[in-house]
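Okay, so here's the structure we're looking at.
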Amino acid sequence: MAKNKLRLDTSEKNVLVRKLADVMTSRISEATDASDVSSLAWLYMHLGQKEKTREYVELGLQMDPSHIYSRRLLAILEDH
């Protein structure tokens, strides 16, 4: 580790992202805005879970139909 930079391989990153997504999912009822929800959608997108990504993108858009990050994630989903 150089100058306080954490270096992880892909499998370690996936484990951390999975754990974070699990915690965020269990606390989704505490989400206060579409940004909270789109952050979770982004994690699921990077885990390759398109259905979960779409679920949280749609929830974010229900909270704020004009939320730019949720709209961008939706566009990415629709392109793939």
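Numbered by our numbering, the letters in the sequence shown go through residues 943 to 1022 in order. Ideal Cβ positions, reconstructed from N, Cα and C, are used throughout, including at glycine. Note that the structure is a prediction, hence the values are computed from the model and not measured.
Should residue i and residue j be called a contact, given that it needs their Cβ atoms to be closer than 7 angstroms?
i: A973; j: L1015; result: no
i: A976; j: H1009; result: yes
For a test of the three-state rule: what should DSSP assign to residue i, helix, strand or coil?
i: T974; result: coil
i: K945; result: coil
i: L1016; result: helix
i: R960; result: helix
Rounded to whole angstroms, what's the CA-CA distance from residue i to residue j? Just pull it up for me.
i: P1007; j: L950; result: 36 angstroms
i: K947; j: K955; result: 14 angstroms
i: T995; j: S981; result: 10 angstroms
i: R960; j: A1017; result: 23 angstroms
So, for residue i: in the same chain, excluding its five sequence neighbours on each side, which residues have a beta-carbon less than 6 angstroms away from its beta-carbon?
i: M903; result: Outside the shown range of the chain (943 to 1022) lies residue 903, about which nothing can therefore be said.
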